[in-house]
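Position one of the sequence shown corresponds to residue 1 (the UniProt record's numbering), numbered consecutively onward.
For every residue, glycine included, the Cβ atom is placed at its ideal position computed from N, Cα and C.
The model shown is predicted, which means the values in this text are computed figures rather than measured ones.
Before any comments, here is the structure.
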Amino acid sequence: MAIINNVLHEIINRSREAEKIIRSYIHRTPIDRSETFSRISNCDVYLKYENLQKTGSFKVRGALYKVYKAYINGAKGVVAASAGNHAQGVAYAARVFGLPSIVVMPRTAPISKIDATKNYGAKIILYGDIIDEAEEKAKEVAEDQDFVFIHPYNDIDVIAGQATIAWEILEQLSNFDIVVVPIGGGGLASGIISIIKSVKPSIKIVGVEPKNAPKFYESLKCGKIVSIDVKPSIADGLIAKKPGTLTFEIISKLIDDIVLVDEDEIAYTMFLLLERAKMLVEGAGAVSLAAILSRKISNIDGKKVLALITGGNVDLTSIYRIILKGLLVYGRIVKIRGYVPDVPGTLHKILTVLTKYGCNILEIRHERYHEKALPWHTDLEILMEVPSKDYVDQIISELKSIGIEMNIEK
1 MAIINNVLHE IINRSREAEK IIRSYIHRTP IDRSETFSRI SNCDVYLKYE NLQKTGSFKV
61 RGALYKVYKA YINGAKGVVA ASAGNHAQGV AYAARVFGLP SIVVMPRTAP ISKIDATKNY
121 GAKIILYGDI IDEAEEKAKE VAEDQDFVFI HPYNDIDVIA GQATIAWEIL EQLSNFDIVV
181 VPIGGGGLAS GIISIIKSVK PSIKIVGVEP KNAPKFYESL KCGKIVSIDV KPSIADGLIA
241 KKPGTLTFEI ISKLIDDIVL VDEDEIAYTM FLLLERAKML VEGAGAVSLA AILSRKISNI
301 DGKKVLALIT GGNVDLTSIY RIILKGLLVY GRIVKIRGYV PDVPGTLHKI LTVLTKYGCN
361 ILEIRHERYH EKALPWHTDL EILMEVPSKD YVDQIISELK SIGIEMNIEK
């Protein structure tokens with residue numbers, strides 16, 4: 001415990017220095033109370049919008065402080081491995097301090113993030129199919145070029161930079177009960193925990209991971225770092241096979257709870273943030289609110305809860321999929337299906353009912369030769385937009401009243 005106390009003391013001291021160093025190069029991001037999300041979740045919900053940060057993510061904080069330390073120690077340049085936000089943070093920080101930067105990205109990285117990182121002045125190397133392969137290559141490049149390798153989370157200076165968010169929170173919001181933090185490699189959570197628990201130990205810290213990459217959740221259950229098999233996730237910024245050694249040491253000692261959210265919960269929360277809060281938030285940035293809205297956190301009713309919204313770098317080609325998924329989950333796009341009489345006028349009757357409720361037809365499909373269809377019936381499927389999910393049961397009931405049996409297709 002003495003070792004961890006020394007680490008925490010060091011993070012606290014360095015984070016205070018980091019505040020002064022990076023202040024001129026970042027935004028002081030807002031905290032807003034959400035009436036909508038408070039009502040849905042039966043608690044007092046506040047959102048810290050780091051998606052409005054420079055480069056679109058909190059990652060720039062840790063990158064700036066670490067690159068500054070490299071700069072004052074005479075570094076020739078810096079190298080990072082990342083598929084997204086860390087890449088942009090390091091490239092921006094290197095430009096601020098006048099250092100050359102090289103970023104190794106997996107070949108699967110979205111072109112939008114590759115271009116954004118280039119625009120901050122970094123040289124890009126595409127290598128490997130996963131981030132682990134890119135990281136190994138980045139370490140080789142750093143050694144060959146005599147540059148400093150900037151780890152995305154398992155580094156005390158990076159953690160101290162991320163911890164500056166906690167000082168902002170304590171200045172902006174008083175008397176809150178719970179902080180909900182996304183966990184990828186654990187750098188942000190380690191920084192938040194170090195500060196909050198030293199100043200107000202009664203505040204509960206809850207970490208959130210995607211169900212498809214529960215590395216801290218599983219490691220804490222085992223009492224040691226374990227490597228897991230990960231699945232693709234809409235919260236791709238939180239995907240890692242195992243925790244960092246330093247971040248696990250901090251989080252395992254101090255975190256109050258870790259919860260998991262699934263892909264539908266993340267996508268739906270992204271949709272709600274876009275529709276209700278008018279905020280474009282990436283999957284990794286939305287998991288904290290997803291945990292609140294999906295009731296994954298215990299003893300939350302009536303509490304004052306702060307969720308960190310950590311990033312807004314969404315690939316544009318993904319946005320329509322997120323909106324479609326949200327509309328489906330929200331019940332605003334609905335598919336109904338039934339075996340209906342194959343006689344003239346049937347479709348007209350159905351469309352008359354749908355028009356009455358203001359539905360917009362997206363797709364109609366019918367199949368006469370379906371094995372389950374009765375003679376003189378056809379299998380009919382309609383995909384439609386509805387003004388409100390509350391109308392769907394009324395539509396089904398009204399169709400039934402005119403002799404047409406259709407049901408909601410999940």
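### Distance, Glu367 Cα to Asp379 Cα
Counted from its first residue, the sequence shown places residue 379 at position 379. Counted from its first residue, the sequence shown places residue 367 at position 367. For Asp379 and Glu367, the distance between alpha carbons rounds to 5 Å.
### Message
For Tyr46, count the other beta carbons within 10 Å of its own beta carbon; 16 or more makes it buried, fewer makes it exposed. Which is it?
### Response
Within the sequence shown, residue 46 is the residue found at index 46, counting from 1. With 16 or more Cβ atoms within 10 Å of its Cβ, Tyr46 is classed as buried.
### Task
Label Asp301 either buried or exposed according to how many other C-beta atoms from any shown protein chain fall within 10 Å of its C-beta, with 16 as the threshold for buried.
Position 301 of the sequence shown, counted from the start, is the residue given in the question as residue 301. By the neighbour-count criterion, in which 16 or more other beta carbons inside 10 Å mark a residue as buried, Asp301 falls on the exposed side.
### Task
Have a look at Gly285 and Ser252 and give me their C-alpha separation to the nearest angstrom.
Taking the first residue of the sequence shown as position 1, residue 285 is located at position 285. Taking the first residue of the sequence shown as position 1, residue 252 is located at position 252. Computed Cα separation, rounded: 22 Å.
### Query
Does any residue of chain B bring its CB to less than 8 Å from the CB of Glu35?
Chain labels in this structure do not include chain B; a single protein chain is all it has.
### Task
Flag this pair as touching only if the stretch 297–317 and the stretch 47–59 have three or more C-beta atom pairs under 8 Å; answer yes or no.
yes
### Query
Should Lys48 go down as buried or exposed, given a rule of 16 or more other Cβ atoms within 10 Å for buried?
Sequence index remark: in the sequence shown, residue 48 carries index 48 (1-based). With 16 or more other Cβ atoms within 10 Å, it is buried.
### Query
So Ala81 is in the beta strand (DSSP E); what residue range does that whole segment cover?
Within the sequence shown, numbered from 1, the residue matching residue 81 stands at position 81. Segment Val78 to Ala81, the beta strand (DSSP E) holding Ala81.
### Task
Please report how far the alpha carbon of Glu363 lies from the alpha carbon of Glu135, in whole angstroms.
Here residue 363 refers to the residue found at position 363 when the sequence shown is read from its first residue. Here residue 135 refers to the residue found at position 135 when the sequence shown is read from its first residue. So the two alpha carbons sit approximately 46 Å from each other.
### Message
Closest to Ile183 by C-alpha separation, out of Arg39, Ile205, Ser38 and Gln53, would be which residue?
### Response
Walking along the sequence shown from the start, residue 183 turns up at place 183. In terms of Cα proximity to Ile183, the closest of Arg39, Ile205, Ser38 and Gln53 is Ile205.
### Helix, strand or coil at Asn311 according to DSSP, with G and I counted as helix
Locating residue 311 in the sequence shown gives position 311, where the first residue counts as 1. Reading off the sequence shown, one finds Gly at residue 311, where the question assumed Asn. Taken through DSSP and simplified to helix, strand or coil, Gly311 comes out as strand.
### Every unbroken beta strand (DSSP E) inside the stretch 58–140 [3 residues or more]
The qualifying runs are 78–81, 101–105 and 123–126.
### Query
Taking the Cβ atom as the reference point for each residue, do Glu381 and Arg337 lie within a distance shorter than 8 Å?
Translated into the one-based positions of the sequence shown, residue 381 becomes position 381. Translated into the one-based positions of the sequence shown, residue 337 becomes position 337. Result yes, Cβ atoms of Glu381 and Arg337 sit closer than 8 Å.
### Task
Indicate whether Ser294 and Leu308 have their beta-carbon atoms separated by less than 8 Å.
Here residue 294 corresponds to residue number 294 of the sequence shown, with the count starting at 1. Here residue 308 corresponds to residue number 308 of the sequence shown, with the count starting at 1. Contact flag unset, no.
### Message
Looking at Tyr65: is its Cβ nearer than 8 Å to the Cβ of Gly161?
### Response
The sequence position of residue 65 within the sequence shown is 65, counting from 1. The sequence position of residue 161 within the sequence shown is 161, counting from 1. Taking 8 Å as the Cβ cut-off, Tyr65 and Gly161 qualify as a contacting pair.
### Query
When the distance is taken between beta carbons, is Ile196 closer than 8 Å to Val179?
As a working note, residue 179 is residue 179 in the sequence shown. As a working note, residue 196 is residue 196 in the sequence shown. Cβ distance < 8 Å, so Val179 and Ile196 count as in contact.
### Message
Here's a check: name, in chain order, each residue in its chain whose Cβ is nearer than 6 Å to the Cβ of Tyr391, leaving out the five neighbours to either side.
### Response
For the purposes of this step, residue 391 is identified with residue 391 of the sequence shown, where counting begins at 1. The residues are Tyr357.
#### Entry: Selection from Ile11, Val208 and Asn5 that minimises the alpha carbon distance to Asp155
The sequence position of residue 155 within the sequence shown is 155, counting from 1. Checked all of Ile11, Val208 and Asn5; the closest Cα to Asp155 is Ile11.
### Task
Would you mind sorting His27 into buried or exposed? The rule is 16 or more other CB atoms within 10 Å of its CB.
Position 27 of the sequence shown, counting from 1, holds the residue named residue 27. Under this definition His27 is an exposed residue.
### Query
In terms of residues, what are the limits of the beta strand (DSSP E) holding Lys335?
Working through the sequence shown from its first residue, we reach residue 335 at position 335. Its beta strand (DSSP E) spans residues Ile333 to Pro341.
### Query
Along the chain, which unbroken stretches of the alpha helix (DSSP H) at least 4 residues long are found entirely within the stretch 2–36?
2–22
#### Entry: Sheet register partners of Asp379 (DSSP bridge)
Position 379 of the sequence shown holds residue 379. Answer by DSSP bridge pairing, in chain order: Tyr339 and Glu367.
### Query
Which term fits Arg332, buried or exposed, when burial requires 16 or more other beta carbons within 10 angstroms of its beta carbon?
On the sequence shown, position 332 is the one that residue 332 refers to. Arg332 comes out buried.
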